[in-house]
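Here's the structure we're looking at; comments come further down.
In the working numbering, the protein residues as written are 673 to 1005.
Pasting the structure below:
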């Protein structure tokens, strides 16, 4: 390696260590404000740096709404929330033109989607028309009201929550909408020690909100720094092999998995996994992506993009298990 190349690598490494030192106290404080959810905040931060949206699945009472509010407060972002119900209308989400008698004209009344962080609570209770309106906002980052199109604030991030599908009155999201989410996170109940800590802390009063803050400029800086994180060609080929195996298991020599998969990972899924892996390495203080980084993120990034086939549904085999079998069957760099 030449002197100039070595100097550039050392400079990049130093810049990345600065980011690790900056992010660690913020994430630690967030984890103390919402006890046991530090990794959740880390994942949300990665998603924001990738300009992605997050779908959070979990039973009621697991602090999904509190975590969303706390995350918005960490970055001083505007926060909006809408409760999705079967009778919700698209205009309840996006807004509507309203007639103004004194001027004899229509004025636009903007809906809750016009914010920087939108909590879409129980999104899988919404009718198809509302989901289509949200899909436009997520993908295009704009909203059409009548004949006018309005840009949404930047950054714009949807944090959608859903209850498990086996609960009454819930409906699966369309594949097109699922693919717009960078991550699907599945929250489980906290372990006994975490819950004991939560009970003790709340007995003394509400935990204080995090004092450390990040800014929009910090997020922009993270995006720039993440572009310098190295992703080895062998890891890129591994990601492509894994994605190809979800689309055509038989062609990858996995004939036993072929009946389990109806649809595999899209090219968008591959692109988002590589972006998220670079940001994840940055958050962990490294200038390069490791196989473990990819293994950590591949489940939240791909579990909602793999559509199990009839055989998998009949046998109760979820997408996570299909993905685990594919990863185990293919050689790792």
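Glycine is no exception: its CB is placed at the ideal position from the N, C-alpha and C atoms.
- Task: Identify every residue that forms a DSSP beta bridge with residue 730.
- Result: Residue 730 pairs with nothing; no bridge assigned.
- Should the segment 903–919 be called in touch with the segment 936–953, which here means at least 3 C-beta pairs below 8 angstroms? Yes, the segment 903–919 is in contact with the segment 936–953.
- Spell out a yes or no on whether the segment 851–863 and the segment 968–986 are touching, meaning 3 or more CB-CB pairs, one atom from each, closer than 8 angstroms. By the C-beta criterion, the segment 851–863 is judged to be in contact with the segment 968–986, since at least 3 inter-stretch pairs fall below 8 angstroms.
- Item | Endpoints, alpha helix (DSSP H) assigned at residue 802 | Counting along the chain, residue 802 sits inside the alpha helix (DSSP H) bounded by residues 800–812.
- Return the bridge partner residues of residue 858 from the DSSP annotation. Within the DSSP bridge table, the entry for residue 858 names 729 as partners.
- Message: Runs of 3 residues minimum, wholly inside the segment 929–976: which ones carry the beta strand (DSSP E) assignment?
- Response: If we require 3 residues or more, the beta strand (DSSP E) runs fully inside the segment 929–976 come out as 933–935.
- Could you name the residues that DSSP lists as bridge partners for residue 979? In the DSSP secondary-structure assignment, residue 979 is bridged to 935.
- For residue 824, which beta-bridge partners are listed by DSSP? Answer is none; residue 824 lacks a bridge partner.
- Under three-state DSSP, which class holds residue 738? DSSP places residue 738 in helix when its eight states are reduced to three.
- Task: With DSSP collapsed to three states, give me the class of residue 743.
- Result: Collapsing the DSSP output to three states places residue 743 in a helix.
- Message: Which same chain residues end up closer than 7 angstroms to residue 704 when comparing Cβ atoms and leaving out the 5 residues on each side of it in sequence?
- Response: Cβ neighbours of residue 704 beyond the five flanking positions: 879.
- Query: Buried or exposed: residue 736, going by 16 or more other Cβ atoms within 10 Å of its Cβ?
  - Reply: Residue 736 is buried by the Cβ-count criterion.
- Message: Just to confirm, is the Cβ distance from residue 742 to residue 857 under 8 angstroms?
- Response: No; because the gap between Cβ atoms is not below 8 angstroms, this pair is not in contact.
- Report the rounded CA-to-CA distance for residue 965 versus residue 693, giving the unit in angstroms. So the alpha carbons of these two residues sit roughly 19 angstroms apart.
- Message: Would residue 762 and residue 832 be called neighbours here (beta carbons separated by less than 8 angstroms)?
- Response: The answer is no: Cβ separation not under 8 angstroms.
- Sort 869, 902, 785 and 952 by Cα distance to residue 970 and report the nearest one. Of the candidates 869, 902, 785 and 952, the one whose C-alpha sits nearest the C-alpha of residue 970 is 952.
- From residue 688 to residue 888, what distance separates their C-alpha atoms? Cα to Cα, residue 688 sits roughly 18 angstroms from residue 888.
- Message: What does the alpha-carbon distance come out to for the pair residue 759 and residue 836?
- Response: Approximately 20 angstroms between the Cα atoms of the pair.
- Message: Please state the DSSP three-state secondary structure of residue 714.
- Response: Correct three-state label for residue 714: helix.
- Message: Do residue 787 and residue 752 count as a contact pair if the criterion is CB distance below 8 angstroms?
- Response: Yes.
- Query: residue 724: buried (16+ other C-beta within 10 angstroms of its C-beta) or exposed?
  - Reply: So residue 724 counts as buried.
- Item | Beta-carbon contacts of residue 740 that lie in its chain and below 6 angstroms, excluding the five residues immediately before and after | Excluding residues up to 5 positions away in sequence, 791 and 831 lie with their Cβ nearer than 6 angstroms to the Cβ of residue 740 in the same chain.
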